[in-house]
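In terms of our numbering, the sequence shown opens at residue 185 and continues consecutively.
Below you'll find the structure, written out as structure tokens, and then a few comments.
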Amino acid sequence: MAKKKIEELMYKERPLTRRGNEMFYGFIDDKFLVKLTVKETEDVDNISVATKIAVQLVTNSTYLEGKERIIKQKEMAGLYSALDLGYVWLEDALSYEG
């Protein structure tokens with residue numbers, strides 16, 4: 185049986201990966217990632233839509249654990265607002281990295 189190639193979902197030239205109620209935005213090899221956690225959803229025309237999302241800018245450092253990895257965090261209303269904020273935080277953090 186041939187394996188299917190799964191295309192990654194991209195947002196502003198960076199991958200967006202989902203695992204349950206969590207999404208990760210950015211390249212896994214970069215120093216920082218954005219973690220998006222869906223806190224609340226609402227049914228709209230029989231489709232579950234995220235209404236409250238926790239956005240976190242996290243470091244990819246292996247020597248830090250748990251809360252120590254969180255650089256910034258905020259709750260946002262809606263996926264687009266959360267992704268847009270995450271994009272700004274990630275670009276800013278990576279530009280300081282050099």
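Every residue gets a Cβ at the ideal spot worked out from N, C-alpha and C, and that includes glycine.
Local Cβ density within 10 Å of residue 247, reported as buried at 16 or more and exposed below that: exposed
Spatial distance of residue 230 from residue 224 (CA atoms): 15 Å
Closest residue to residue 252 among 244, 237, 264 (Cα-Cα distance): 244
Straight-line Cα distance separating residue 249 from residue 267: 24 Å
Alpha-carbon to alpha-carbon, residue 233 and residue 227: 6 Å
DSSP state of residue 266 mapped onto helix, strand, coil: helix
Buried versus exposed call for residue 242 [16 or more other C-beta atoms within 10 Å across all chains shown]: buried
Same chain only: Cβ atoms within 8 Å of residue 235, ignoring 5 sequence neighbours per side: 224, 225, 226, 261, 262
Burial state of residue 237 (16 or more Cβ within 10 Å): buried
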